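Enquirer: In the UniProt record's numbering, the protein residues as written are 1 to 170. Input: one structure, supplied below.
Next up, the structure:
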C-alpha cells in the first residue's frame with residue numbers, strides 16, 4: 001500500500017486483511033450519527049466523517065442510485081463496499097451473504113478487481129459478522145476521478161453509485 005505505486009496498481013488483500021478492513025468499515029459506518037452518516041449521505045458532504053488515519057473509507061448505500069462528490073487524500077488507499085451486509089451473531093451463528101447477480105466497479109472507466117470477504121467483528125459488546133464484495137484503490141495521484149459502482153443481488157437489491165473524487169494532498 002505504498003504511495004509510490006502507480007494509479008493503475010491493484011491493491012490485493014489477503015482474506016484476513018480484507019476481513020479486518022470489512023469489520024473496520026462496518027464499525028466506522030455503524031458509529032456515525034444519522035445526521036452525519038456517510039451511508040445515508042446522497043451528496044458526499046459527509047464523506048470525511050471520522051476517517052481513519054491509514055486509509056479512506058468510501059460509503060456504500062442502502063440501495064438505489066446515488067451520486068456523490070468528495071475530496072479524498074492522495075496519500076491513502078481507498079476501501080469501499082460494492083455489495084455488503086452485516087448481522088449480529090444473535091441473528092445467525094454463521095456469516096450470512098447475498099447471492100450476487102452482478103458486481104462491478106471501475107475507476108475512470110477501467111474495471112477494478114473485487115474481492116469477497118467475510119469476517120467477525122465487534123461493536124462494543126455486540127458480536128457481528130461482515131460479508132461483502134469489496135474494492136480497493138491504491139493512493140491516487142492528485143486529480144479528478146470517477147468511481148462507478150454497480151451491483152445487484154438475485155433477491156433484487158441493487159446499487160448504482162457514482163463517486164466524483166477529487167484527490168488532493170492534505
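In this text, a Cβ means the ideal position worked out from N, Cα and C, and glycines have one as well. Keep in mind that this is a model prediction, so the values were computed, not measured.
Between which two residues does the beta strand (DSSP E) holding residue 150 run?
Expert: Residue numbering aside, residue 150 sits at position 150 when the chain shown is read from its first letter. Taken as a continuous stretch (DSSP letters only), the beta strand (DSSP E) holding residue 150 covers 143-153.
Enquirer: Using 10 angstroms around the beta-carbon of residue 58, count the other beta-carbons present and answer buried if the total reaches 16, otherwise exposed.
Expert: Along the chain shown, read from residue 1 onward, the residue named residue 58 stands at position 58. Classification of residue 58: buried, given that the 10 Å Cβ count is 16 or more.
Enquirer: Starting from residue 16 and walking both ways along the alpha helix (DSSP H), at which residues does that stretch end?
Expert: Numbered from 1 along the chain shown, position 16 holds the residue referred to as residue 16. It spans 15-31 - the alpha helix (DSSP H) in which residue 16 sits, taken as one unbroken run.
Enquirer: Tell me whether residue 81 is buried or exposed, calling it buried when 16 or more other Cβ atoms sit within 10 Å of its Cβ.
Expert: Working through the chain shown from its first residue, we reach residue 81 at position 81. The residue is buried, with at least 16 neighbouring Cβ atoms inside 10 Å.
Enquirer: Is residue 149 buried or exposed, if buried means 16 or more other CB atoms sit within 10 Å of its CB?
Expert: The sequence position of residue 149 within the chain shown is 149, counting from 1. Per the 10 Å Cβ criterion, buried.
Enquirer: What is the rounded straight-line gap between the Cα of residue 12 and the Cα of residue 55?
Expert: As a first step, residue 12 is located in the chain shown; it is residue number 12 there, counting from the start. As a first step, residue 55 is located in the chain shown; it is residue number 55 there, counting from the start. Those two C-alpha atoms are separated by around 15 Å.
Enquirer: Looking at C-alpha atoms only, which residue of 164, 130, 151, 146 is the closest neighbour of residue 25?
Expert: For the purposes of this step, residue 25 is taken as residue 25 along the chain shown, with counting starting at 1. Comparing Cα positions, the closest option is 130.
Enquirer: Please state the DSSP three-state secondary structure of residue 75.
Expert: Start at 1 with the first residue of the chain shown, and residue 75 comes out as number 75. Coil.
Enquirer: When you compare only the Cα positions, how much space is there between residue 44 and residue 67?
Expert: Numbered from its first residue, the chain shown carries residue 44 at position 44. Numbered from its first residue, the chain shown carries residue 67 at position 67. If you take the alpha carbons of residue 44 and residue 67, they lie about 8 Å apart.
Enquirer: Does residue 96 come out as helix, strand or coil in the three-state DSSP assignment?
Expert: Start at 1 with the first residue of the chain shown, and residue 96 comes out as number 96. Coil, per DSSP.
Enquirer: Is the beta carbon of residue 29 less than 7 Å from the beta carbon of residue 39?
Expert: Position 29 of the chain shown, counting from 1, holds the residue named residue 29. Position 39 of the chain shown, counting from 1, holds the residue named residue 39. Cβ distance < 7 Å, so residue 29 and residue 39 count as in contact.
Enquirer: Would you report the Cα separation of residue 250 and residue 106, rounded to the nearest angstrom?
Expert: The structure shown does not extend to residue 250, since the chain spans only 1 to 170, so no value can be given for it.
Enquirer: May I ask you to report which of helix, strand or coil DSSP gives residue 41?
Expert: Within the chain shown, numbered from 1, the residue matching residue 41 stands at position 41. If DSSP states are grouped into helix, strand and coil, residue 41 belongs with coil.
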